[in-house]
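Q:
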Amino acid sequence: MPAAANPAARAAPPRKAVPPPEALLGWYDRHRRRLPWRAEAGKREAPYRVFLSEIMLQQTTVVTVRPYYAAFLKRWPDVEALAAAPLEEVLSAWAGLGYYARARNLHACAKAVVARHGGRFPADEAALLDLPGIGPYTAAAIASIAFDRRAAPVDGNWERVVARLFAVDEPLPKARAKLRALALTLLPDEGYGDFAQAMMDLGATICTPRKPACALCPWRPDCAGYATGAPEVYPLKAAKAARPTRRGVAFLAVRADGAVLVRSRPASGLLGGMSEVPSTPWEVDGVASPAGHAPLNAQWCALNAPVTHVFSHFALELDVWRADLSAATRAPAGHRWVRPEGFDAEAFPSVMRKVLAKL
DNA sequence: CATGCGTGGAC
DNA sequence: TGTCCAAGCAT
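The first sequence lines up with residues 1 to 359 when you count with full-length UniProt numbering.
Put into C-alpha cells, the structure is as follows:
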C-alpha cells in the first residue's frame, strides 16, 4: 500500500515513517506457519486451545511443546475436563516441560474459568489478566488470537523486532516500557490476531536473534536497525549474573522388590509439588554431613557417577548414594515406595529422571 | 524492579 | 564446553 497512491499523503506534513502493518500482514498471508494450536486462515482457534498453547509456550520452544500440547488436549479436551482433573495428574503430565508453577497455575486457571466465567474464557484483556498464570503477555495473546480483540502480546519476538525496527539504544530489561509503547504504534486497524501471530512468526523465522534474514523481511525498507548495518546487535541487553553451582547428595533407597523411596516436594518454590528422591539440601558449598539427611538408617554406598543438571539460576551437582533394603522396609513419614512401573505416573522433573537412571 | 523459576537445542 | 536462547509470571 504505497503512500503515493493516496493523494492526500503528498500534502501531509512529513512525519516519521511507521512500518506499515499491511506489509507484515501480507507477508503473513503468504508464509504463515502451520502449528497445532493455530487456526487456518480466516478462522479462530478455540480459546481453550489458545490458552493451553500460550501457557506451554512461555519460555519454551515450539518443538518441545508439540507433544505435550497434543497429550494434554487428548486427555483434557476442554477447560471443564482440565478443571476436574486432580493436580497430581496435571503435574505428572507436565513433567519434563519445566517451570512447574505454570502447571499449577494452568490447573488453577481452568478452575477459575469454570467457577467465575461458567467455563467460557473471557474476551477482555483485563478479565484474563485476573486469572492465575495469565500475565500481560498471555492476556493480550488470548484476547487478540482467540477473540481478535485489539491487543499487543509483546513477547521476546516482538521486543526483538521492535528494538531493531527503531534501533532502540536502551538495553533490556530497562527498555521494556519503551519497546511496548513503540509496539502499540505498529498495530493495524483490524486483524489483531493475525498481526500478533505475524510478529511472532517474523521474529521466529526472519528477525532471528543471531543472523536475521533481512533480505526476506517485509519491513526491511522501514527498519532503522537494518539501516545501521548491524541489526543483530538489537535488542541490547544488560549483563547477566553468573550461575553458581550447588551440590548435594541424593539417596536412592532400593527395596528388594525394586521399589524406590520417593517423596513430594513442597507445593511451591523450586520444582513445587513435583516428586523427588530424598536428598540433602542443595547448597553452594555442598553439605557437611550428608548422612544426617538420609531418609532411613542403612548401608549407604556412594555411586561414583554424580548427576549434573542446569536450572535457570544455578547448576546442580548431585552425588548419588544407594542402599539396598529388604522388601519389608517401611517408608518413613512423608515418603512412599514406588516401583519402576509406577515411575511414569509420578511427576519426576528431569533432574530426578537423571538420578533414577542410575538404578 | 530484581529475582526465582526448567529444559533441551543451537552454535 | 560454555553461553545463549525460547510465545513470561509471580512476588
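Glycine included, each C-beta is placed from N, C-alpha and C at the ideal position.
Just to confirm before moving on: does the CB-CB distance between Val-90 and His-107 stay below 8 Å?
A: yes
Q: Which full runs of the beta strand (DSSP E) of 3+ residues lie inside the region 235-291, going along the chain?
A: Listed in chain order, they are 245-255 and 260-264.
Q: Quick test of your reading: Glu-283 and Arg-339, contact by CB under 8 Å. State the CB separation rounded to the nearest angstrom.
A: Rounded, the Cβ-Cβ distance is 31 Å, inconsistent with contact.
Q: Our contact map puts Arg-33 next to Gly-193 with C-beta atoms below 8 Å; I'd like the distance itself, whole angstroms only.
A: About 15 Å; that fails the 8 Å criterion.
Q: Measuring straight from C-alpha to C-alpha, what distance separates Ala-46 and Lys-74?
A: Straight across, the Cα-Cα distance linking Ala-46 with Lys-74 is about 15 Å.
Q: According to DSSP, what are the bridge partners of Val-307?
A: Leu-318
Q: Who are the near neighbours of Leu-128 in its chain, counting only those whose CB is closer than 8 Å to its CB and skipping five residues on each side?
A: Phe-121, Pro-122, Ile-134, Thr-138, Ala-139, Ile-142 and Ala-143
Q: Trp-300 by DSSP, collapsed to three states: which one?
A: coil
Q: Suppose the cutoff is 6 Å on Cβ atoms and the five residues either side in sequence are ignored; what does the same chain contact list for residue 361 look like?
A: An answer regarding residue 361 cannot be provided, because it is not within the stretch 1 to 359 covered by the chain.
Q: What separation, rounded to the nearest whole angstrom, lies between the Cα atoms of Pro-20 and Ile-55?
A: Cα atoms of Pro-20 and Ile-55: separation of roughly 30 Å, rounded to the nearest angstrom.
Q: For Pro-14, collect the residues of the same chain with a Cβ closer than 7 Å to its Cβ; drop the 5 residues on either side in sequence, then sort them by chain order.
A: Here the model assigns Pro-14 a pLDDT of 40, short of 50, so the residue's position is not dependable and the matter cannot be decided.
Q: Residue range of the alpha helix (DSSP H) that Trp-158 falls in?
A: 156-165
Q: Note the first and the last residue of the continuous beta strand (DSSP E) segment covering Arg-336.
A: 335-338
Q: Pro-86: which of Gly-191, Met-200, Ala-103 and Ala-71 sits nearest, CA to CA?
A: Ala-103
Q: State the CB to CB distance for the pair Phe-314 and Arg-243, rounded to an integer number of angstroms; the pair is presumed to be in contact (CB under 8 Å).
A: 6 Å
Q: Tell me the rounded alpha-carbon separation between Asp-124 and Asp-130.
A: 10 Å
Q: Closer than 7 Å by C-beta to Ile-206: which residues in its own chain qualify, once you throw out the five before and the five after it? Chain order, please.
A: Pro-212, Ala-213, Leu-216 and Cys-217
Q: Here's the rule I'm using: 16 or more other beta-carbon atoms within 10 Å means buried, otherwise exposed. How should Glu-346 be labelled?
A: buried
Q: What is the rounded straight-line gap between the Cα of Leu-356 and the Cα of Gly-119?
A: 39 Å
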